[in-house]
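Take a look at the structure below.
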């Protein structure tokens, strides 16, 4: 699906090239793709930002972003001459004109044929004005030869209405075939492995349905706070930051039907069907929280309202948990529990499939106090891998059953994982949109959470902060499951 596509000659332009995203993720990914021979000789990378940097300053900036030990001197010498910098303000027509002139000269020098990818690494609040300006200046255009593509970071819009407006603008400027809405979680090795796990194995797909699954948990929990992102976080909060995008995308991969063929439209069609089957989250099925001061890994941690750039009386949620349903033939009646939060006791992103308990009359006289229902855990951070918990007889004379794990670690495959941005940038260079969200997916994701966000905005919380840093969130989140006789995996006794 991707490997049969070659990369055309191209100029890769990063708008907002002096930020952390460019240095830490984008430029290292492009360097490694070039070093691996995935990018042709006829290419260039152009940074565009307000800072008055030179080409050499930008090259030094890119080199400093490579992890220790990742630099190959020979590969760098081949890569560095293709890096350029153009200072300017993306909101000013005159500066974009200068950018266009520079791109024309670079295109001639490196014979890139006019093909361009614009990576929008500037704040989401700038997207509308920036895309409009790029279109007016003719830097972004429709057409197959030469082609233009744009890559846009999440959050894509601030609600359903703004997302629809932004989609309409993109359709006017470059068209749906030219936009790549990037969610780096879809580029992670373990997330892409979920498709293979489900559809390349006989064992699991027959029980992947309402008959055998009791409920599903998706957790996106972090032990870090907002750090220097306080002002940004005040605008978005946890639902817009990770649930509307990362978490709902993970849900679609877990809940989707197998596509008839594995191409980009069939794959995205099945994800969109899942989202269409999810009703909006009901307020009584959702919990919000904000962290106060506490202790994380033995170290004192500030409360959210004490963080840099945060309003001392802020009501921005840093934690959210919710229950939703997928109302289709496969999943009707199976609750999906989602949670995401900052400054919790641990860092982990995992999907937990809790299976129904079988009838156990045969073992009614046995000791089953250490036995739980079968659980399948898919881990996408830290120790990435898959764990299956099943029942086994304990050796000895006692008739006892205990739950035991069967573990697979992704590291055990012996092949080095590649960062998500490498996979996704290579896809964009090849013109493969499979693991990028389509317009309808984005709008459907907003439709799931938008009514909840409006209700929360109309009824500000009175109990913030309501969980301590270093805990696993507010008690109401535990009660969300306990009312149904369930429990978050990894829950701690309070």
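Numbering (the numbering used here), first residue to last: -8 to 485. C-beta atoms are modelled at their ideal positions from N, C-alpha and C, and glycine is treated no differently. Since the model is a prediction, treat every value here as computed from it, not as a measurement.
Contact annotation: residue 241 and residue 182 have beta-carbon atoms nearer than 8 Å. For residue 219, the closest of 458, 300, 291, 226 by C-alpha to C-alpha distance is 300. Under the DSSP assignment, residue 463 falls outside any beta strand (DSSP E); it carries neither an H nor an E label. Between the C-alpha atoms of residue 394 and residue 358 there is a straight-line separation of about 12 Å. The criterion of a C-beta distance shorter than 8 Å is satisfied by residue 4 and residue 108. If you draw a 10 Å sphere on the C-beta of residue 238, you find 16 or more other C-beta atoms in it, and that means buried. Across the set 175, 465, 337, 164, the C-alpha of 164 shows the shortest separation from the C-alpha of residue 124. When DSSP states are grouped into helix, strand and coil, residue 176 belongs to the helix group.
Here DSSP, grouped into helix, strand and coil, assigns residue 421 to helix. Exposure of residue 135 is indicated by the presence of fewer than 16 other C-beta atoms within 10 angstroms of its C-beta.
Where residue 378 is concerned, the enclosing beta strand (DSSP E) starts and stops at 376 to 384.
The bridge partners DSSP lists for residue 361 are 393. The bridge partners DSSP lists for residue 292 are 285. For residue 213, there is no enclosing beta strand (DSSP E), as DSSP marks it with neither H nor E. Between the alpha carbons of residue 314 and residue 370 lies a gap of roughly 20 Å. Cα atoms of residue 269 and residue 435: separation of roughly 9 Å, rounded to the nearest angstrom. Non-local beta-carbon contacts of residue 65 in its own chain, meaning distances under 8 Å to residues more than five positions away in sequence, are absent. In the structure shown, the three-state DSSP call for residue 57 is coil. In the structure shown, residue 313 falls within a strand segment according to DSSP collapsed to helix, strand and coil. For the 8 Å CB-CB criterion, residue 413 and residue 157 do not form a contact. Excluding five sequence positions before and after residue 307, the CB atoms of its chain that fall closer than 6 Å to its own CB belong to 225, 228, given in chain order. In the structure shown, residue 297 falls within a helical segment according to DSSP collapsed to helix, strand and coil. Taking residue 328 as reference, the option from 154, 343, 48, 132 with the minimal CA-CA separation is 343. The residues 279, in chain order, have a CB closer than 7 Å to that of residue 447 in the same chain once the five nearest residues on each side in sequence are set aside.
DSSP, read as helix, strand or coil, puts residue 74 in strand.
In this structure, DSSP gives residue 80 a state outside helix and strand, which the three-state scheme calls coil.
In this structure, residue 254 sits away from residue 345, with a CB-CB distance that is not shorter than 8 Å.
When DSSP states are grouped into helix, strand and coil, residue 130 belongs to the coil group. Secondary-structure assignment with DSSP links residue 400 through a beta bridge to 376. Secondary structure of residue 99 (DSSP, three-state): helix. Only residues of its own chain outside the window of five on either side were considered, and among them 150, 151 have a CB closer than 6 Å to the CB of residue 441, listed in chain order.
Exclusion of the five residues before and after residue 356 leaves 390 as the residues of its chain whose Cβ lies within less than 8 Å of its Cβ. Each residue's CA atom was taken as its position, placing residue 60 and residue 409 some 15 Å apart. The beta-carbon separation of residue 111 and residue 143, rounded to 5 Å, stays under the 8 Å limit for a contact. One thing to note: residue 146 has its Cβ within 8 Å of the Cβ of residue 235. CA-to-CA, the gap between residue 58 and residue 36 works out to about 19 Å.
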